[in-house]
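Residue numbers (the working numbering): 14 to 231.
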């Protein structure tokens, strides 16, 4: 996988790209006969909102588990970016996402691992507990090479055995894209107003300087 190393001079000023991703986990209860310390099998992951392959801009993903797991830090260098374990307790996973361009700092996400359904629902070996959250990775003034990659987008999708349990976030994605569009319009309007005010100040300064020069010649 290609990794880009860029200098600050190559950043694209004014460019903003938002990439939707899903952080999630799917937990299966292993039934009443299971070991009490390994009552569930779960998989934690990040994925594309449309199951696209994210490795075009993600170099690797680091999962920080509860200290009772050995090793507690897991690194996944190729898609699907997921880990599978067994256990009995819920905890917050730390997910760190590292990008193909070293100039971009890694992003840290917190994912609450859920093993048990929300009451009054009862545990079932037939129906897993799915906990997914929609996120957007926003790149502000990205390096030129990374910007080109992000604009090109994914080249393929990823299929996994768990995808039949994935939630549909297409509506959320559309809403967030509209919010970003509106926010950009607000920023553009404010920038135009600041530019206009800056021109007015320059004109006022010139007038004051001319008046000072005129008075000095009296």
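A virtual CB, placed ideally from N, CA and C, is assigned to each residue, including glycine.
Same chain only: Cβ atoms within 7 Å of residue i, ignoring 5 sequence neighbours per side
i           : result
residue 163 : 30, 32, 70, 152 and 155
For residue i, the three-state DSSP class (helix, strand or coil)
i           : result
residue 61  : strand
residue 173 : coil
residue 48  : coil
residue 184 : helix
residue 26  : coil
Close beta carbons around residue i, own chain, < 8 Å, minus the five adjacent residues each side
i           : result
residue 160 : 25, 28, 30 and 152
residue 18  : Only weak support is given to the placement of residue 18: the predicted model assigns it a pLDDT of 49, under 50, and the question is left unresolved by the model.
residue 139 : none
Residues near residue i by beta carbon distance below 6 Å, same chain, minus five either side
i           : result
residue 170 : 64 and 65
residue 39  : 56, 141, 143, 175 and 178
residue 208 : none
residue 109 : 75, 119 and 121
residue 86  : 77
residue 89  : 74
Check whether residue i and residue j have beta carbons under 9 Å apart
i           : j           : result
residue 142 : residue 180 : no
residue 54  : residue 103 : no
residue 44  : residue 59  : no
residue 52  : residue 106 : no
Straight-line gap, residue i to residue j (C-alpha atoms, nearest Å)
i           : j           : result
residue 206 : residue 229 : 35 Å
residue 226 : residue 120 : 56 Å
residue 200 : residue 210 : 15 Å
residue 167 : residue 213 : 46 Å
Contact test: residue i Cβ vs the ligand HEM heavy atom, cutoff 8 Å
i           : result
residue 117 : As presented, the structure is devoid of all ligands, the ligand HEM included, so that no description of it is given.
Checklist entry - Considering only residues of the segment 100-146, which uninterrupted beta strand (DSSP E) runs meet the minimum length of 3 residues and lie entirely inside it, listed in chain order? => result Taken in chain order, the complete beta strand (DSSP E) segments of 3 residues or longer contained in the segment 100-146 are 105-112 and 120-125.
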